[in-house]
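Below you'll find the structure, written out as structure tokens, and then a few comments.
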Amino acid sequence: MTDPQLPPANQLTTADEELIDGGKVMSIWEHLSELKSRVTKAVLIIFVTCGLALAFVDPIIIFLKQPLLAVLPSGSKGLHFTGPMDVFMVDMKVAFLVGIITACPFWLFQFWKFFEPALYPRERRFVLPFMIASVAVFCVGITFCYYLILPLSLKYLIGLGLEVGQPLITIKDYVSLLTVLMLGFGAVFEIPVLIVLLAMLDVITVEGLTAYRRFIILAILLISAIIVPPDPVSLVALATPVYAMYELSIVIIRSLKKRQAGAPK
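Position 3, counted from 1, in the sequence shown is what my numbering calls 3; the numbers after and before it change by one each time, with no gaps.
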């Protein structure tokens, strides 16, 4: 059964609205009540995941320290702190970030359920896969950063520093670097998913993506240079997979557009 053809949003009749919303037209107060309910559920699950992360924050930090400890010289005593609040604040920061990321599928689901009734059936079919893909590639990005970029970057940068002195790295500085890199990689890996979404919404075209490829490559290099440490190894390690995913997104868009063109009207 094909989807009903609906007019533009500003020309919808009551019958059309009922069709979009599964037969129920909600008032503004009902929408606000629904929004409050969804936000409350999302905040509660974030509190739960942050609390669990705080309970296990010590093994989490031990895990996060491994890339650094692996490249420090044998005589080094590991990480240091310079203030009485440093370790406490790092624990809270790590627990908060881990809690937010862990709860991401749940609060995105609440976001989806709130906006789902306002979407056309055709839009629902690709918005939900887009959200799932966003979570997946974000996790791929931070995993890629932890297991490849961090070891390479730290080995290069600490080796460079050892030529003039001995490392005295604080846990506060290390976690800050870790946060910027891992969140940055997760965000950059979202670019191909965003490109596919914009193409399916007809905001951009495959022709435009291929015509401006050289400028896209330059933009990828610039963004990579901002996110990663200033060494060529990290720059190439980030730019290469992002460009590969950019080309993959063009292939995916072509495939989806062909399927869309061949679908019954």
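Just so you know, even glycine gets a beta-carbon here, dropped at the ideal spot from N, CA and C. Since the model is a prediction, treat every value here as computed from it, not as a measurement.
In whole angstroms, what separates the C-alpha of Met245 from that of Val98?
Residue numbering aside, residue 245 sits at position 245 when the sequence shown is read from its first letter. Residue numbering aside, residue 98 sits at position 98 when the sequence shown is read from its first letter. Met245 and Val98: Cα-Cα distance of roughly 26 Å.
Give the secondary structure of Thr205 by DSSP, where H, G and I count as helix, E and B as strand, and everything else as coil.
Position 205 of the sequence shown, counted from the first residue, corresponds to residue 205. Note: Thr205 maps to coil in three-state DSSP.
Below 8 Å CB to CB, which residues in the same chain sit around Val140 once its five sequence neighbours on both sides are set aside?
By 1-based counting over the sequence shown, the position of residue 140 is 140. Only Phe189 meet the Cβ criterion.
Nearest candidate by alpha-carbon position, reference Ala225, set Asp91, Val180, Pro84, Leu194:
Position 225 of the sequence shown, counted from the start, is the residue given in the question as residue 225. Taking only the C-alpha atoms, the option nearest Ala225 is Val180.
Taking the alpha-carbon positions, what's the Leu201 to Ala187 distance?
Here residue 201 corresponds to residue number 201 of the sequence shown, with the count starting at 1. Here residue 187 corresponds to residue number 187 of the sequence shown, with the count starting at 1. Cα-Cα distance, rounded: 21 Å.
Quick check on the DSSP output: the alpha helix (DSSP H) that includes Met89 runs from which residue to which?
For the purposes of this step, residue 89 is taken as residue 89 along the sequence shown, with counting starting at 1. Its alpha helix (DSSP H) spans residues 86-102.
Express the C-alpha separation of Ile28 and Lys36 in angstroms, rounding to a whole number.
Taking the sequence shown and counting its residues from 1, the one referred to as residue 36 is at position 36. Taking the sequence shown and counting its residues from 1, the one referred to as residue 28 is at position 28. Each residue's Cα considered, the two are about 12 Å apart.
Taking C-alpha atoms, which residue in Ile250, Leu148, Leu178, Val175 lies nearest to Ala211?
Numbered from 1 along the sequence shown, position 211 holds the residue referred to as residue 211. Ala211 has its Cα closest to that of Ile250, out of Ile250, Leu148, Leu178, Val175.
Run of the alpha helix (DSSP H) containing Gly161, from where it starts to where it stops
What you label residue 161 is simply residue 161 of the sequence shown in a count that begins at 1. Its alpha helix (DSSP H) spans residues 150-161.
For Ser153, does the count of other Cβ atoms within 10 angstroms reach 16, so buried, or fall short, so exposed?
Here residue 153 is taken as the residue at index 153 of the sequence shown, counted from 1. Per the 10 Å Cβ criterion, buried.
So, helix, strand or coil for Thr170, using DSSP?
By 1-based counting over the sequence shown, the position of residue 170 is 170. In this structure, Thr170 counts as strand in the three-state DSSP scheme.
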